[in-house]
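Peer 1: Take a look at the following structure, please.
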C-alpha cells in the first residue's frame, strides 16, 4: 500500500494524480522528522525531506476586545502560546481571514 512515514510513525497515503500523493499527518510529538513514502509498504524513499510538527497554539486573550463595525483596520494583539513565525500565519474574525504578523511565540498581530 501507499504510506507516508513521519519519523517512525506511518500514515496511509492516497494518489491525487500520477505525480502527486497526499497523507494526513498522524498525531506526533513536536519536532522535526524525516518524511519518506512507499508504494509497497516496505521500501521507503530516502529523500531527506523533513516535516515539522508544532505544539498546538493557544489564544489566551486579545487587545482590544472590540472595534468599529463599519470600518476595517483595528490592530489586534493576540496573546497566547506556541505561535510560530511562518508566512502562513493568519487570524480569523468571523468569516474574514487575514494575514498575521509574528511578534513573539506568545504574541501575534492582525488587522480586523
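In the numbering used here, the protein residues as written are 859 to 970.
The beta carbon of each residue, even a glycine, is placed where N, CA and C say it ideally should be.
If you're wondering where the values come from, they're calculated on a predicted model, not measured in any experiment.
(1) Using the Cα positions of residue 894 and residue 915, report the straight-line distance between them to the nearest angstrom.
(2) Spatial neighbours of residue 903 within its chain, please: CB distance less than 8 Å, with the 5 preceding and 5 following residues excluded, ordered by chain position.
(3) Can you give me the Cβ contacts of residue 884 inside the same chain, cut-off strictly under 7 Å, excluding the 5 residues immediately before and after it?
(4) Quick check on DSSP: helix, strand or coil for residue 897?
(5) Sorted by chain position, which residues of the same chain lie with C-beta nearer than 6 Å to residue 932's C-beta, five sequence neighbours on each side aside?
(6) Please list, in chain order, all residues of the same chain as residue 961 whose beta carbon is under 7 Å from its beta carbon, the five residues on each side excluded.
(7) Measure the C-alpha to C-alpha separation of residue 878 and residue 901 and round it to an integer number of angstroms.
(8) Do residue 888 and residue 911 have their C-beta atoms within less than 8 Å of each other?
(9) Looking only at DSSP bridge pairs, what is residue 871 linked to?
(10) Quick one: Cα of residue 944 to Cα of residue 873, how far?
(11) Tell me, to the nearest whole angstrom, how far the beta carbon of residue 913 is from that of residue 940; I am working on the premise that it is less than 8 Å.
Peer 2: Let's see:
(1) For the purposes of this step, residue 894 is taken as residue 36 along the chain shown, with counting starting at 1. For the purposes of this step, residue 915 is taken as residue 57 along the chain shown, with counting starting at 1. Near 26 Å, if we compare the C-alpha coordinates of residue 915 and residue 894.
(2) Stepping through the chain shown from its first residue, residue 903 is reached at position 45. Here the set comprises 894, 895, 896.
(3) Within the chain shown, the letter at position 26 stands for residue 884. If we look at residue 884 and ignore the five residues flanking it on each side, its Cβ neighbours are 864, 867, 869.
(4) As a working mapping, residue 897 is identified with position 39 in the chain shown. Here residue 897 sits in coil by DSSP.
(5) In the chain shown, counting from the first residue as 1, residue 932 sits at position 74. Correct list, in chain order: 925, 970.
(6) Position 103 of the chain shown holds residue 961. Around residue 961: 967.
(7) Residue 878 sits at position 20 when you count from the first residue of the chain shown. Residue 901 sits at position 43 when you count from the first residue of the chain shown. Those two C-alpha atoms are separated by around 18 Å.
(8) If you number the chain shown from 1, residue 888 lands on position 30. If you number the chain shown from 1, residue 911 lands on position 53. Yes; because the gap between Cβ atoms is below 8 Å, this pair is in contact.
(9) By 1-based counting over the chain shown, the position of residue 871 is 13. 881.
(10) As a position in the chain shown, residue 944 is number 86, starting the count at 1. As a position in the chain shown, residue 873 is number 15, starting the count at 1. Approximately 28 Å between the Cα atoms of the pair.
(11) Translated into positions along the chain shown, residue 913 becomes position 55. Translated into positions along the chain shown, residue 940 becomes position 82. At roughly 4 Å, the Cβ-Cβ gap stays under 8 Å, so residue 913 and residue 940 are in contact.
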